[in-house]
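To start, the structure itself, in C-alpha cells.
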Amino acid sequence: MAEEERQDLAALLHRLTKALVAAELPLLERHGLGMWSYVVLTELARGAAPTQLALARAVDVDKTKMVSIIDGMETAGLVSRRPDPDDRRARIIEPTAEGRKRLRAARAAIRRMEDDFLADLPPTRRTAFLAALRDLSGAPSARLTGGA
C-alpha cells in the first residue's frame, strides 16, 4: 500500500476504540458497572490503594470529576474511602469485596469478547498485535514529538 493510502494511526485506533467501547458497555452494564467505575476498579486492582488525587491522575480525569465518580461507586458498594494516615485531608480509595467481584466478572466477559474479536487473526499476528499495543501504550507521549 502506498504511503499516502495508509490511514493515520489516530483514525485507525479511534475507529477500533469506538467499536471496542461500544461492545464493552453492555458487558459492563450486565455487571452493574459503568465505564468510569471499571476504569477506576482496574486501576485499583493494579496496586496499593492510592489517594483520590493519585487515582485521578492515574486515570487522567479531573479531580473534581473523580470525587463524583468515587461518590457513586461508594454508594454502589464498589469502593470505600478512608482518611490517609499521613495526610488527613487526603482519602485512600480501596475496592470492596463486591467491587473486586464485579471487576473479575466484567473483565472475564470483556476478555471473551476480545478473544472472539481477535479470533480471525493467526496466533502469531495476534501475539504481535497485543505486544505492539502494550509497548506503544506504555508511554505514548514520550514517543510523540509532534513533528511537522
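Position 53 of the sequence shown, counted from 1, bears residue number 56 in the numbering used here, the numbering being contiguous throughout.
Glycine included, every Cβ here is placed at the ideal spot set by N, Cα and C.
Query, Result
"Option nearest residue 112 by Cα separation, candidates 19, 23 and 14", "23"
"Straight-line gap, residue 104 to residue 14 (C-alpha atoms, nearest Å)", "35 Å"
"Supposed close pair residue 81, residue 40 - CB separation, criterion 8 Å", "6 Å"
"Exposure of residue 38, with buried meaning 16 or more beta-carbon neighbours within 10 Å", "exposed"
"Within 8 Å, strictly: CB atoms of residue 59 and residue 66", "yes"
"For residue 82: DSSP bridge partner residues", "98"
"Closest Cα partner of residue 86 within the set 77, 79 and 96", "96"
"Sequence-distant residues of the same chain with beta carbon closer than 8 Å to residue 99, five excluded per side", "80, 81, 82 and 83"
"DSSP state of residue 59 mapped onto helix, strand, coil", "helix"
"Reduced DSSP secondary structure (H/G/I, E/B, other) of residue 134", "helix"
"Buried versus exposed call for residue 70 [16 or more other C-beta atoms within 10 Å across all chains shown]", "exposed"
"The alpha helix (DSSP H) enclosing residue 15, as first and last residue numbers", "12-33"
"Residue 96 CB to nearest heavy atom of the ligand ZN below 7 Å", "Ligands displayed in this structure: none; no statement on the ligand ZN is therefore possible."
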